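Line order of the protein sequences matches chains G and S.
For the first sequence, the positions run 317 to 666 when our numbering is used.
For the second sequence, the positions run 317 to 666 when our numbering is used.
Structure first, then comments.
2 protein chains.
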Amino acid sequence: MKRKVTLKQIAKELDVSISTVSKALRNSVEISEDTRQKVQAFAKLYNYRPNNIALSLKNRKTKTIGIIIPEIVHHFFSKVITGIELVANKRGYNVIVGLSNESFDKEVINMQMLANGSIDGFILSIAKETLQQQDYHHFTETINQGMPIVMFDRVINEIPCDKVIVDDIKGAKLAVEKLIGNGCKNIAIITTKDYISVGKLRTQGYLEALEDHKMSPKSSLILKVDDKLLSENHLDELEKEIEQLFKSNKNIDGVFAVNELYAVTAMKVARKLDLEIPEALQVISFTDGVLSKHSTPSLTTVSQHGQKIGEKAADLLINRLELDDTDEAEEDHYETVVIETELIERESTK
Amino acid sequence: MKRKVTLKQIAKELDVSISTVSKALRNSVEISEDTRQKVQAFAKLYNYRPNNIALSLKNRKTKTIGIIIPEIVHHFFSKVITGIELVANKRGYNVIVGLSNESFDKEVINMQMLANGSIDGFILSIAKETLQQQDYHHFTETINQGMPIVMFDRVINEIPCDKVIVDDIKGAKLAVEKLIGNGCKNIAIITTKDYISVGKLRTQGYLEALEDHKMSPKSSLILKVDDKLLSENHLDELEKEIEQLFKSNKNIDGVFAVNELYAVTAMKVARKLDLEIPEALQVISFTDGVLSKHSTPSLTTVSQHGQKIGEKAADLLINRLELDDTDEAEEDHYETVVIETELIERESTK
DNA sequence: TTTCAACACGAAAACGTTTGCGTTGCCCAA
DNA sequence: TTGGGCAACGCAAACGTTTTCGTGTTGAAA
């Protein structure tokens, strides 16, 4: 087992100084052609690579991005990571991942672990618990210490940082308008309680679409499901609530669900009640994940382009990191990029 | 914007030496109660945290684990990461992720980027391209440099390292035996070409199960799908192949699929052909992902316990890392842990 | 008064780099 | 012979820690 070779060892072996070795490897003009070749040959032979940690310490930058997300077993978030990793790697950066599990404490701890020199900047999406408690001191402190943050999807407007979001309102409107265009007269929405920001926004889009088409929303058609039912363990309760919705509103001919799970569950219930999809009932969901594609019938969805979000976020962060060095001018000008949603039509609509 | 405070700055401010500050913060007995309190108060006020990079350089360990996986938008892999992150964090480690995208080159480059001091050890699952080319020099070189590796799921027996795998043969046997126990007489398998190791093993389990029950396998019931059809873009081809299988073997009453996608597609085709599930046809798949749970009917699956795999892999790696310091005895004794599969029964079987 | 321990602290090395600057040795021109 | 100039290399600092080994001061014992 031969440990990694260092400049010092090469220097000793070739009986020159450390600086000579370093300069020879970086093709400095100060070094004679002769020794340069000798050093480079030796380095190649022993497969020398500069130690990243030492470089990080010297340059005071790690070329590493920290990602903090609520969970990773989730189509959207893993797509975002894919996007981040793609451009990060292309631009010479590594990616280090922390999971908050939707917990405030874990979010804070994870950020502290990474903020002490391990990374140059954060890309994150805020935990639900943090959103509820509205305690954002860890974000502002991090930023105050000169470490830039890029937030995506779940963001806080008041925090001074770059942001990448999808236009939830517009996306929802798009979906509902599709249903209206397809002839639906009684469109229900299955959404979350209002404290989930994206749920609220998508509900708003639903309402605006109805309004724009002179259709008055009926409260009986708005089902606000408790967020807890999103966990896999309460599927039956979710089914019951949806069944109740369908049974007490026999005239429903369109459903807009704010996520895949609500949508497939709605389709399941519909099948049970012998409602033909898309003939008698059309369904559209937000979030284009793996379920939508492979459910029967396959789901028409509003795609958020998670990978694009990740790519954009990484570009924003790295741009800021590499700008900080020279130009301090742009210091306090932050961007909010909106990634357009796209309606992907499948079998659940006409 | 106040930059992160260092020992040096504290020392200067309090007019003591750097060493005194360091010792005071670590509660050394060499320091008087008086100055200790002063230093600690000051440090707390300015929210001092030791710089991780400097510590890494000094201690020659980063307390960071590198993960290299083929892709992250995949239920199994993200579950594994969840497990790794869980125990890594608990034991004071961070996790840095690299994606190979099933490409040999990206796998090599990613490992090189991380092996230069950024991490203490690897947890990885090998890219398909690497498996085909059978070029494993980057693994052996890494290990030779004293950096331990733990492989999971897709492993190479010849490489000297710890491994965490599932018993694919046994899991497949379990599934097929369930079908046999449920009265199936003509069980088909939808699997991959043999160069995919897990596909091969699962096929082997299928054959063994039949054999054990004196049922002779029929080649017409074995569908080896080209791996490329796993990509989302070739769903229709996949459907056609399966439809062909069903049509030319009208007596099929059980299907074992080596992954979720094959299984849900098979169910889709069955529905088209008016085969009732589970009455006329029972289906079991390998890999318990999100599709199985939410398909209609929901799928009986063989769960691999991805999270447990991740947890075990992380424990193995960290154990070895923390053992290396003191005990060099266990150097060349490597473990292969088999995580038991579990049959999760749902609606697609009787 | 001398001596010696205990106490409280500082200097310096080390981890592995990069880089500005100083220091040789040599050649050539004056 | 002297001096200037250049080529080729080494020294040392710096990044932020921790830790070993001094070193100076004090107090008490001899």
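The beta carbon of each residue, even a glycine, is placed where N, CA and C say it ideally should be.
Being a predicted model, the structure only gives us computed values, none of them experimental.
- N460, Q461 and G462: these are the residues of the segment 441-465 of chain G whose beta carbon lies less than 7 angstroms from some beta carbon of chain S, given in chain order.
- Within the segment 406-486 of chain S, the complete alpha helix (DSSP H) segments at least 4 residues long are 420-431, 444-449 and 453-460, listed from N- to C-terminus.
- In this structure, DSSP gives S513 (chain S) a helical state, which the three-state scheme calls helix.
- Within chain S, no C-beta atom comes less than 8 angstroms from the C-beta of E553 (chain G); the nearest is roughly 15 angstroms away.
- Within the segment 486-513 of chain S, no residue places its CB atom closer than 9 angstroms to a CB of chain G.
- The CB of T612 (chain S) comes closer than 9 angstroms to the CB of V580, M583, K584, R587, S611 and T612 in chain G, given here in chain order.
- For I558 (chain S), the enclosing alpha helix (DSSP H) stretches over residues L551 to S564.
- In the three-state reduction of the DSSP assignment, Q620 (chain S) falls in the coil class.
- Bounds of any beta strand (DSSP E) do not take in A359 (chain G); it lies within the alpha helix (DSSP H) bounded by E349 to L361.
- Around the beta-carbon of Q598 (chain S), 16 or more other beta-carbon atoms lie within 10 Å, marking it buried.
- Judged by their CB atoms, E557 (chain G) and V571 (chain G) are not nearer to each other than the 8 angstroms cut-off.
- Of all residues in the segment 335-367 of chain G, only N363, R365, P366 and N367 place a beta-carbon less than 9 angstroms from a beta-carbon of chain S.
- The beta carbon of G408 (chain S) lies closer than 8 angstroms to those of K379 in the same chain, with the five residues before and after it left out.
- Put simply, the segment 428-438 of chain S touches the segment 376-390 of chain S. At least three CB pairs are less than 8 angstroms apart.
- In the structure shown, G382 (chain S) falls within a strand segment according to DSSP collapsed to helix, strand and coil.
- At least 8 angstroms separates the beta-carbon of E553 (chain G) from that of L402 (chain G).
- For the 8 angstroms CB-CB criterion, V413 (chain G) and A404 (chain G) do not form a contact.
- In the DSSP secondary-structure assignment, E638 (chain S) is not bridged to any residue.
- In chain G, no part has a C-beta under 7 angstroms from the C-beta of N575 (chain S); the shortest such distance is about 12 angstroms.
- Put simply, of S:N575, S:K395, S:S338 and S:I505 the residue whose alpha carbon is nearest the alpha carbon of L371 (chain S) is S:S338.
- When Cβ-Cβ separations below 8 angstroms define contact, N565 (chain G) makes no contact with chain S.
- Under the 8 angstroms criterion on CB atoms, V599 (chain G) is classed as non-interfacial with respect to chain S.
- Going by DSSP, T581 (chain G) is part of the alpha helix (DSSP H) stretching over E576 to K588.
- In chain order, I369, S372, L373, G433 and S434 make up the part of chain S whose C-beta sits under 9 angstroms from the C-beta of S372 (chain G).
- G487 (chain G) and F602 (chain G) do touch by the CB rule: their CB atoms are close to 7 angstroms apart, below 8 angstroms.
- Look at V541 (chain G): its C-beta is not under 8 angstroms from any C-beta on chain S.
- Under the three-state reduction of DSSP output, T322 (chain S) falls in the coil class, being neither helix nor strand.
- When secondary structure is reduced to three states using DSSP, T336 (chain G) falls in the helix class.
- Contacts with chain G (Cβ-Cβ distance below 9 angstroms) from the segment 384-405 of chain S involve E387, I388, V389, H390, H391, F393, S394, K395, I397, T398, E401, L402 and N405, listed in chain order.
- In terms of Cα proximity to A579 (chain S), the closest of S:A491, S:H649, S:L633 and S:I625 is S:A491.
- Residue pairing by DSSP places V396 (chain S) in no beta bridge whatsoever.
- Following the DSSP letters along the chain, one finds V541 (chain S) inside the beta strand (DSSP E) bounded by residues I538 to V541.
- Looking at the DSSP output, I600 (chain G) shares a beta bridge with G:F572 and G:T616.
- Remark: three or more beta-carbon pairs, one from each stretch, lie closer than 8 angstroms, so the segment 390-397 of chain G and the segment 602-617 of chain G are flagged as touching.
- For L373 (chain G), the enclosing alpha helix (DSSP H) has its first and last residue at N368 to N375.
- T378 (chain G) reaches chain S at I369, counting residues in chain order whose Cβ is nearer than 8 angstroms.
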